[in-house]
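Going by the working numbering, the sequence shown opens with residue 3, and the numbers climb by one from there.
Positions of the beta carbon are idealized from the N, C-alpha and C atoms, including for glycine.
Scroll down for the structure; my scribbles are underneath it.
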Amino acid sequence: MSPAERKKSNWLSVKAALSQLKQDELLGLLRDLYEVSPGNKQFMEARLRIGTDQIKPYKKIVGDCMYPDVYRNRPVQIAKAKKTISDYRKAAPRDALGVIDLMIFFVECGNRLTREFGDIDEPFYDALLSMYAKAVEAIVEIPEPAAEPFRKRLQELTESSKGIGWGYHDGLCDEYYSAFPEEDSE
């Protein structure tokens, strides 16, 4: 394929080429994609619901990004953590509960980092508040028996955020009690 042809390639050209493959060739291609990178492996296992804990590798990445090893001078990587959640949503589009779990875990890690090492900065807390709000929004949409453990985690986050600066605690309280007004407020 010439450089000019490569520039023109898109999903339609890939789809056309794939449709020409025999089943064993297609399976070979998928095997090669699966083996070429850990990300591809994670994606395929999550999409196909293979294994016992498809969310685990995604959770590890979010944890490493939002609660990094500060003693080894590892930085917080908010964008990478958000992308990981987005990647999981694409890999497992029918697993709304897994996505909610990752969103809450994102905030839990940020909360833990702050409680253990002190206040960070406003953009950090803005990211946590934004993710918390998305989790609340998603939880409101699921039936109550499935929502209860998530609501409990959100409430624990709200309680554990007391004393954290930048208006973070107040923001969590506003989000939580706006969505769940029947809960006792402070």
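Residue nearest to residue i in terms of C-alpha spacing, selected from the options
i, options, result
"Tyr73", "Ser162, Glu37, Phe119 and Val142", "Phe119"
"Ala140", "Ala181, Pro77, Asn42 and Val38", "Ala181"
"Leu131", "Leu99, Glu150 and Trp168", "Trp168"
"Ile87", "Val78, Tyr69 and Ile63", "Ile63"
"Phe126", "Leu159, Met68 and Ile106", "Met68"
"Met133", "Gln25, Leu174 and Leu20", "Leu174"
"Arg91", "Pro70, Arg76 and Gln56", "Gln56"
"His171", "Asp121, Thr54, Arg76 and Asn75", "Asp121"
Any chain C beta carbon closer than 8 angstroms to residue i
i, result
"Gln22", "Absent here is chain C; the protein component of the structure consists of one chain."
C-beta contact flag for residue i and residue j at 8 angstroms
i, j, result
"Arg49", "Ala94", "yes"
"Ile166", "Ala129", "no"
"Asp97", "Tyr60", "no"
"Glu177", "Ala135", "yes"
"Ala83", "Phe108", "yes"
"Leu159", "Glu110", "yes"
"Ile106", "Arg153", "no"
"Leu20", "Leu28", "yes"
Buried or exposed (CB count within 10 angstroms, at least 16 for buried), residue i
i, result
"Asn12", "exposed"
"Ala137", "buried"
"Ile52", "exposed"
"Leu23", "exposed"
"Asp103", "buried"
"Thr116", "buried"
"Gly100", "buried"
"Val78", "buried"
"Ser187", "Interpretation of Ser187 is limited by its pLDDT of 49, a score under 50 that renders its predicted location unreliable; the figure taken from the coordinates is listed afterwards. Classification for Ser187: exposed."
"Val16", "exposed"
Distance between beta carbons of residue j and residue i, contact taken as under 8 angstroms
i, j, result
"Asn113", "Ser39", "Not really, about 32 angstroms apart at Cβ, beyond 8 angstroms."
"Gln157", "Glu185", "7 angstroms"
Legend entry - Ordered list of beta strand (DSSP E) runs contained in the region 76-160, each at least 3 residues: none
Inset, instruction - Would you mind listing the alpha helix (DSSP H) stretches within the region 22-53 that are 4+ residues and don't spill past its ends, in chain order? - result: 25-38 and 40-50
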